[in-house]
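So the protein sequences, as listed, match chains D and A.
Going left to right, the first sequence walks through residues 459 to 701 as our numbering numbers them.
Going left to right, the second sequence walks through residues 9 to 54 as our numbering numbers them.
In what follows, a single structure is set out as structure tokens and then discussed.
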Amino acid sequence: MHGFANPARFLRIARWLTPACLVAGLVVTLAALAYGLFAAPADRLMGDTVRILFIHVPAAWLGMAGWTTIAGAGVAELVWRHPLAGIAARAAAVPGAAFTAICLATGSIWGRPTWGTWWVWDGRLTSMLVLLFLYFGYIALADATRGEGGGSGRVAAIFGIVGAINVPIINRSVVWWNSLHQPPSITMGKSAIDAAFLWPLLGATVGFSLLFAGVVLARMRAILADIQAEARLRRKAMARAED
Amino acid sequence: MRESLDQWAFVWAAYALGIVGTLAMVAWAWWSMRRAEARRDKSRER
Numbered sequence: 459m460h461g462f463a464n465p466a467r468f469l470r471i472a473r474w475l476t477p478a479c480l481v482a483g484l485v486v487t488l489a490a491l492a493y494g495l496f497a498a499p500a501d502r503l504m505g506d507t508v509r510i511l512f513i514h515v516p517a518a519w520l521g522m523a524g525w526t527t528i529a530g531a532g533v534a535e536l537v538w539r540h541p542l543a544g545i546a547a548r549a550a551a552v553p554g555a556a557f558t559a560i561c562l563a564t565g566s567i568w569g570r571p572t573w574g575t576w577w578v579w580d581g582r583l584t585s586m587l588v589l590l591f592l593y594f595g596y597i598a599l600a601d602a603t604r605g606e607g608g609g610s611g612r613v614a615a616i617f618g619i620v621g622a623i624n625v626p627i628i629n630r631s632v633v634w635w636n637s638l639h640q641p642p643s644i645t646m647g648k649s650a651i652d653a654a655f656l657w658p659l660l661g662a663t664v665g666f667s668l669l670f671a672g673v674v675l676a677r678m679r680a681i682l683a684d685i686q687a688e689a690r691l692r693r694k695a696m697a698r699a700e701d
Numbered sequence: 009m010r011e012s013l014d015q016w017a018f019v020w021a022a023y024a025l026g027i028v029g030t031l032a033m034v035a036w037a038w039w040s041m042r043r044a045e046a047r048r049d050k051s052r053e054r
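Have a look at this one:
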């Protein structure tokens with residue numbers, strides 16, 4: 459991991475990896491969604507609304523994966539002082555929040571024809587909404603306490619680590635509390651989903667994950683470029699002042 | 009009385025929201041990266 463601590467080495471890899479992730483992500487996602495829309499069968503109980511699964515589930519997974527990235531990067535920033543960890547955490551916040559919002563919105567759209575309501579204050583929906591608010595708080599905090607190297611700062615890193623307690627709560631909420639939301643269909647090594655839905659779901663999850671990775675890399679490159687431009691302008695201003 | 013809903017209207021709404029939201033985020037991340045890198049390159053010339 460420390461091999462990537464050098465920003466110049468990271469940029470050399472990110473320069474080709476960013477477009478590669480974005481192009482591959484777009485192709486895989488669109489193919490999986492087209493299959494889900496036009497080729498996957500309707501469900502016996504949910505009918506055609508089951509197709510919302512192919513957007514809703516990857517968005518939920520990436521909403522939680524985004525916060526796990528923030529927490530992991532927070533640990534790397536505080537413990538190992540990895541120079542890119544804070545930048546990675548800041549870069550993951552906006553796409554994580556966007557996928558959490560997409561998960562909540564598509565879940566609400568799915569809930570209306572399936573449950574007869576747009577929203578219920580149950581464990582799963584409420585903990586997911588809390589995650590969205592945590593993202594908003596993190597984005598504001600990381601921006602306000604930005605470190606010298608462009609990282610998220612110590613306070614934001616601690617906030618990211620403490621906020622990670624919500625991720626297992628989201629995951630287990632449908633098991634711990636009575637809910638309109640269905641229990642998990644995919645667990646370690648087991649799946650209750652028919653192959654006709656499972657494969658396009660896996661395809662959409664891989665595709666959206668590649669897009670997420672591409673967006674995080676692009677955000678990291680943007681933050682690093684801003685830091686380099688700022689440092690250069692500051693150096694020039696100081697040299698001019700000394701003349 | 010049972011309410012009859014067009015399921016496909018909900019499916020299209022969810023797909024439109026998911027696809028437009030994701031593409032908007034990808035476009036924003038890409039163009040803000042290009043702008044920041046152009047600004048950095050310009051600061052080298054000054």
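Every residue, glycine too, gets a C-beta built ideally from N, C-alpha and C.
{"Check": "Ala697/D classed as buried or exposed, judged by whether at least 16 other C-beta atoms fall within 10 angstroms", "Outcome": "exposed"}
{"Check": "Cβ-Cβ distance between Ala498/D and Arg509/D below 8 Å", "Outcome": "yes"}
{"Check": "Top-ranked residue by Cα proximity to Val674/D, from Met504/D, Leu511/D and Gly483/D", "Outcome": "Gly483/D"}
{"Check": "Proximal residues to Gly524/D (C-beta, below 8 Å), its chain only, five neighbours per side dropped", "Outcome": "Ala550, Ala551, Pro553, Gly554, Ala555, Phe557, Thr558, Tyr593 and Phe670"}
{"Check": "Other residues of its chain near Lys50/A: CB distance less than 8 Å, five sequence neighbours each side excluded", "Outcome": "none"}
{"Check": "Beta-carbon neighbours of Ala517/D, restricted to chain A and to distances below 7 Å", "Outcome": "Gly26"}
{"Check": "Glu53/A: contacting residues in chain D (beta-carbon distance under 9 Å)", "Outcome": "None at all; the shortest Cβ gap to chain D is about 10 Å."}
{"Check": "Buried or exposed by the 16-neighbour rule on C-beta atoms within 10 Å, applied to Val34/A", "Outcome": "buried"}
{"Check": "CB contact below 8 Å: Arg502/D versus chain A", "Outcome": "no"}
{"Check": "Beta-carbon neighbours of Arg21/A, restricted to chain D and to distances below 8 Å", "Outcome": "Reading off the sequence, residue 21/A comes out as Ala, not Arg. In chain order: Ile567."}
{"Check": "Residue from Ser12/A, Trp38/A and Ala22/A with nearest C-alpha to Ser566/D", "Outcome": "Ala22/A"}
{"Check": "Segment limits, alpha helix (DSSP H) that includes Trp519/D", "Outcome": "Leu511 to Val537"}
{"Check": "Inter-residue Cα distance where the pair is Leu668/D and Ala37/A", "Outcome": "14 Å"}
{"Check": "Exposure of Thr487/D, with buried meaning 16 or more beta-carbon neighbours within 10 Å", "Outcome": "buried"}
{"Check": "Buried/exposed call for Ala534/D, threshold 16 Cβ in 10 Å", "Outcome": "buried"}
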